[in-house]
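All residue numbers for the sequence shown refer to the working numbering, where the first residue is 111 and numbers rise by one.
Each remark here refers to the structure printed beneath this line.
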Amino acid sequence: PMPMRPFILLIALSGLPHLACATDEDSSAPACAPDATAFAQEVWPTYLAPADPAKSCVARGGCHDASNMPASRLRFQVAAPIDHQANYQALLAFVDCDEPIDSAALTKPLAGTNPHVGGDIFASSQDPAVISFIAWLTP
């Protein structure tokens with residue numbers, strides 16, 4: 111059987127738009143690439159920057175607003191116009207492609223799963239924003 115790493119690299123080089131591979135030289139590259147358009151249209155406005163400031167990662171004083179002093183390694187550009195591509199790339203560093211439900215981008219704000227300096231943002235995995243985020247990670 112073909113070793114897994116060359117096989118994944120072969121698929122990535124074949125031009126499939128939904129796959130991206132990390133290499134040993136660039137460990138910061140994500141091992142997967144959830145849909146960037148869905149990120150901008152669904153994940154950003156419902157999960158990361160909803161109108162409710164209590165549930166927003168980037169609302170005024172939000173720890174993940176890149177214009178604030180470094181409160182977190184996860185930093186989003188929120189000045190108009192929103193740079194969704196930069197924000198998408200920033201979020202991918204906190205996504206576990208092998209175990210999407212273990213992604214820090216999910217477990218940190220979800221109550222009772224992973225300590226979050228910003229507190230629990232979502233009370234349960236049944237929150238509509240959480241369901242939408244999980245669907246984005248696991249199409």
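The C-beta atom is built at its ideal place from N, Cα and C for all residues, glycine as well.
Residue 184 sits in coil when the DSSP states are folded into three classes, being neither helix nor strand.
In the three-state DSSP reduction, residue 243 falls in the helix class (H, G or I). Counting along the chain, the unbroken alpha helix (DSSP H) around residue 196 starts and ends at 194-202.
Cβ-Cβ distances below 6 Å link residue 220 to 232 in the same chain, with the five nearest sequence neighbours on each side left out; the list follows chain order. In the structure shown, residue 175 falls within a strand segment according to DSSP collapsed to helix, strand and coil. Per the Cβ contact rule, the segment 208-216 is not in contact with the segment 186-198 (fewer than 3 Cβ pairs under 8 Å). Of the residues assessed, residue 175 falls on the buried side of the cut-off, its CB having 16 or more other CB atoms within 10 angstroms. Taking C-beta atoms as the reference points, residue 158 and residue 168 count as a pair closer than 8 Å. Residue 197 counts as buried, since at least 16 other C-beta atoms from the protein chains shown sit within 10 angstroms of its C-beta. With contacts defined by Cβ atoms closer than 8 Å, residue 144 and residue 247 form a contacting pair.
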